[in-house]
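>
Chains as they are written, first to last, in the UniProt record's numbering: chain E, 1 to 273; chain W, 1 to 273; chain Z, 1 to 273.
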């Protein structure tokens with residue numbers, strides 16, 4: 001499954017339209033190129049719908065949200081829905097500002113998402129429609145841990161059922177669920193949180209995987225989560241003396257670039273809950 | 001010629017004003033510093049003309065175009081024309097959206113460009129004023145190949161004659177022409193297309209080369225194309241195990257930083273067609 | 001002092017709100033993560049004040065200024081003042097455009113800054129309210145050198161007294177002063193000016209240091225300047241064959257990531273003037 005999902009991206013080279021924050025926009029573009037997809041970043045209302053028409057998938061990211069970008073997201077999202085393209089929402093910092101929360105709710109009302117990917121605080125804020133205080137990083141109290149797995153899986157499945165799309169709640173442990181099934185993914189390294197934008201990169205990657213394997217969306221989403229986590233592990237093993245989070249950032253993207261389907265299969269640690 | 005053009009950049013350290021997309025803006029700034037120039041990025045209508053007044057060259061890039069950025073481009077472009085500064089247009093994704101195509105045509109009508117640099121699909125879209133579907137990467141069908149060189153050279157020369165500026169159509173083979181002469185450049189690596197923004201970087205580099213050697217604009221443009229391609233080759237030779245497109249991105253800029261005039265002369269593979 | 005300031009950042013992991021240019025926004029985010037702080041970038045007027053409420057410090061950077069960003073800066077700055085958070089101003093290119101100068105003056109009138117950090121040309125332009133021509137890099141004529149130290153220190157102290165905040169004028173030599181005391185910092189490498197955004201990174205770092213040690217603001221500012229300079233030195237020592245300014249950019253952030261309090265103490269070269 002994982003191997004096929006990875007190879008479908010390489011084979012079909014889906015063009016992914018990203019409307020995303022400027023902090024990590026370059027990394028999202030490079031990770032899309034790394035996995036075999038092709039990025040186009042266009043966030044003006046003037047051409048968002050037309051650009052998305054020529055693409056195979058859409059990635060909407062609320063980090064550093066602006067009014068004009070939100071307008072472009074709505075236009076592109078509607079067009080992608082019309083054309084049946086997969087659409088991913090990354091609700092960065094959604095609990096930290098009313099503006100972002102209201103934007104997320106408006107987007108979820110007007111656009112059918114294929115998947116929503118966020119950290120535990122973001123997904124919980126979105127589900128509860130509540131305000132949190134922790135910026136763009138997850139609160140420790142919200143994190144998925146070994147002890148509350150069943151409860152967390154039930155929460156993610158229920159949220160997925162309510163909103164009608166795949167939910168990926170990622171962190172040191174990742175849960176990826178639709179209304180009926182929930183997978184636990186245990187790949188990744190804690191040091192990934194010291195690199196800005198690994199979450200943004202994963203959302204971009206997920207849009208590419210969904211675009212390349214639309215008929216098996218949950219499997220594609222799980223594969224993307226495993227691939228990003230495996231890249232974080234491989235990259236960490238390749239770190240050399242004197243290297244820190246900037247080198248790690250590059251090595252993660254490089255690991256996505258170099259990863260074969262076989263390597264992904266061997267590395268992946270996931271199971272149905 | 002190449003050596004002198006490279007050394008003129010190092011010697012005069014031209015300040016280059018870039019109004020460019022946010023995907024690759026950091027790379028464009030660092031490649032300008034790498035070649036010996038100095039970047040300033042300013043894309044507000046409020047100060048675009050004044051900033052350009054203190055510079056030696058201007059680089060306008062349509063990737064991720066916004067209405068406000070277009071306004072700044074028009075103001076900066078007119079001022080640069082007034083002052084006789086070289087101006088480069090990089091029509092990123094011009095075939096993928098009416099907004100970008102119309103912006104490009106408006107810019108070409110209101111501003112005298114010294115050079116336009118794009119991939120084969122972008123240059124053909126600009127010349128034909130037609131819509132394409134391939135996002136920001138070139139379609140294989142549009143690429144310059146060994147078999148149609150004479151025809152492609154005639155096309156680029158004719159387009160240059162029509163619009164009155166140097167045209168650089170770059171890809172696995174590069175054509176750089178004015179109305180009378182066309183050069184073929186064979187430097188570069190196919191892997192450069194797996195790094196976002198190598199085209200954007202080349203356009204920035206070209207603005208620096210043109211600013212440093214204004215009296216021999218075609219030679220300066222050819223030198224910039226050779227330098228970028230040579231950097232891609234040198235960078236590829238320096239790649240180590242475990243490195244992918246993110247490392248390659250850094251190594252390309254590093255190769256521009258380290259390149260001497262002699263090295264450029266030795267590496268360059270170009271000829272008049 | 002330095003060790004304690006560095007360790008306070010690691011221990012308290014302050015969340016820093018940055019309204020900053022898009023050229024170096026990713027580097028600023030990664031250097032904040034490197035030093036142990038956490039970044040949030042939010043520059044929309046819609047949520048700037050709310051975001052800053054959940055943070056511990058604010059960094060305002062005028063590089064690539066836009067009207068909407070300025071509005072967000074004013075809103076965030078007032079809120080940060082209300083809450084007693086440290087606020088840093090980085091007046092990038094303030095001498096190069098009336099728009100930026102007027103924005104800086106408006107910000108200085110409406111917001112109480114804890115520290116202003118700029119290169120010699122920027123600080124002199126701000127103090128003199130004059131126009132300069134050199135883009136975003138410092139003019140050689142403005143630089144602090146060994147011969148005019150006493151005069152430069154008096155200038156920086158007097159400017160600090162006039163505006164009521166710490167002034168850090170950085171370059172090959174750095175002066176960091178309040179109204180009464182001025183420190184000279186001699187860390188750093190000239191090659192840092194070949195990497196875009198080392199100044200922006202330092203301003204972000206300074207906001208983190210001020211947020212973590214608010215009761216000793218001048219010492220915190222000096223520590224941040226020493227840490228950035230020391231990172232530049234350590235990074236340069238780690239450079240390998242074939243590496244240039246892009247590798248150096250990564251190695252500087254990596255050095256911030258790896259730096260211990262002891263290492264900072266050993267490396268730091270500063271003294272009261």
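Note that beta-carbon positions come from the ideal geometry of N, C-alpha and C, so glycine has one too.
#1: Could you tell me the distance, in whole angstroms, from the CA atom of residue 189/Z to the CA atom of residue 142/E?
#2: Kindly give me the distance between the Cβ atoms of residue 144/W and residue 183/W, rounded to whole angstroms, as I take these residues to be in contact under 8 Å.
#3: Cβ of residue 98/E less than 8 Å from any chain W Cβ?
#4: Measure from the C-beta of residue 163/E to each C-beta in chain A and report whether the shortest distance is under 8 Å.
#5: Just reading off the alpha helix (DSSP H) that residue 229/Z is part of, what are its end residues?
#6: What does residue 177/W pair with, by DSSP beta-bridge criteria?
#7: Mind listing which residues of the segment 256-272 of chain Z have their C-beta closer than 7 Å to chain E's C-betas, in chain order?
#8: Which residues, in chain order, does the segment 34-50 of chain Z contribute to contact with chain E at a C-beta distance below 7 Å?
#9: Is the shortest distance between the beta-carbon of residue 61/E and the beta-carbons of chain W less than 8 Å?
#10: Given this structure, state the Cα-to-Cα distance separating residue 66/W from residue 41/W, to the nearest angstrom.
#11: By Cβ distance, which residues of its chain are closer than 7 Å to residue 265/E, with the 5 residues on each side in sequence left out?
#12: Which of the three DSSP states, helix, strand or coil, is assigned to residue 148/W?
#13: Let's see if you can read the secondary structure: which residues bound the beta strand (DSSP E) around residue 272/W?
#14: What residue range is occupied by the uninterrupted beta strand (DSSP E) comprising residue 81/Z?
#15: Check distances from the C-beta atoms of the segment 170-202 of chain E to those of chain Z and list, in chain order, the residues that come in under 9 Å.
#16: Under 7 Å Cβ-Cβ, which residues of chain W neighbour residue 20/Z?
#17: Between the C-alpha atoms of residue 202/W and residue 224/W, what's the straight-line distance to the nearest angstrom?
#18: Pick helix, strand or coil for residue 252/Z, following the three-state DSSP scheme.
#19: Of the residues that make up the segment 63-75 of chain E, which ones have a beta carbon closer than 8 Å to any beta carbon in chain Z?
#20: Is the segment 240-257 of chain W touching the segment 18-27 of chain Z, taking contact as three or more C-beta pairs under 8 Å?
#21: Relative to the C-alpha of residue 70/W, which candidate in 148/W, 30/W, 99/W has its C-alpha closest?
#22: Buried or exposed: which applies to residue 6/E, given that a residue is buried once 16 or more other Cβ atoms fall within 10 Å of its Cβ?
#23: For residue 9/E, which of 236/E, 273/E, 204/E, 252/E has the nearest alpha-carbon?
#24: Below 7 Å on C-beta distance, what does residue 247/E contact in chain Z?
#25: Out of 93/W, 164/W, 107/W, point me to the one whose CA is closest to residue 139/W's CA.
#26: Could you tell me whether any Cβ in chain Z is nearer than 8 Å to the Cβ of residue 230/W?
#27: Please say whether residue 81/W and residue 112/W have beta carbons closer to each other than 8 Å?
#28: Distance cutoff 8 Å, beta carbons only. Does residue 24/E sit that close to anything in chain Z?
#29: Using a beta-carbon distance cut-off of less than 8 Å, what residues from the segment 93-117 of chain E approach chain Z?
#30: Helix, strand or coil for residue 39/E? Go by DSSP, reduced to three states.
#31: Take residue 13/W and list the residues in its own chain whose beta-carbon comes closer than 8 Å to its own, dropping the five residues that flank it on each side.
#32: For residue 253/E and residue 30/E, which I take to be in contact (beta-carbon distance under 8 Å), what is that distance rounded to the nearest angstrom?
#33: Using a C-beta to C-beta distance shorter than 7 Å, which residues of chain Z count as neighbours of residue 136/E?
#34: Can you list the residues of chain W that residue 237/Z reaches, using a CB-CB cut of under 7 Å?
#35: I want to see whether chain E comes within less than 8 Å of residue 244/W, judged by CB atoms only; does it?
#36: Go ahead and pull the three-state DSSP assignment for residue 33/W.
Per the coordinate set shown:
#1: 43 Å
#2: Contact doesn't hold; Cβ gap of about 12 Å is too wide.
#3: no
#4: The chain labelled as chain A is not found among the protein chains of the depicted structure, namely E, W and Z.
#5: 217-237
#6: 167/W, 182/W
#7: 257, 258
#8: 34, 38, 39, 40, 41, 42, 43, 44, 46, 47, 50
#9: no
#10: 15 Å
#11: 2, 3
#12: helix
#13: 270-272
#14: Note, residue 81/Z: premise wrong, no beta strand (DSSP E); alpha helix (DSSP H) at 67-83.
#15: 193, 194, 195, 196, 197
#16: Residues of chain W passing the Cβ test: none, with the nearest at roughly 12 Å.
#17: 7 Å
#18: helix
#19: 63, 64, 65, 66, 67
#20: no
#21: 99/W
#22: buried
#23: 204/E
#24: 250, 254
#25: 93/W
#26: no
#27: yes
#28: yes
#29: 93, 96, 97, 98, 99, 100
#30: strand
#31: 36, 37, 38
#32: 5 Å
#33: 40
#34: Result: empty, since nearest Cβ-Cβ is about 17 Å, beyond 7 Å.
#35: yes
#36: helix
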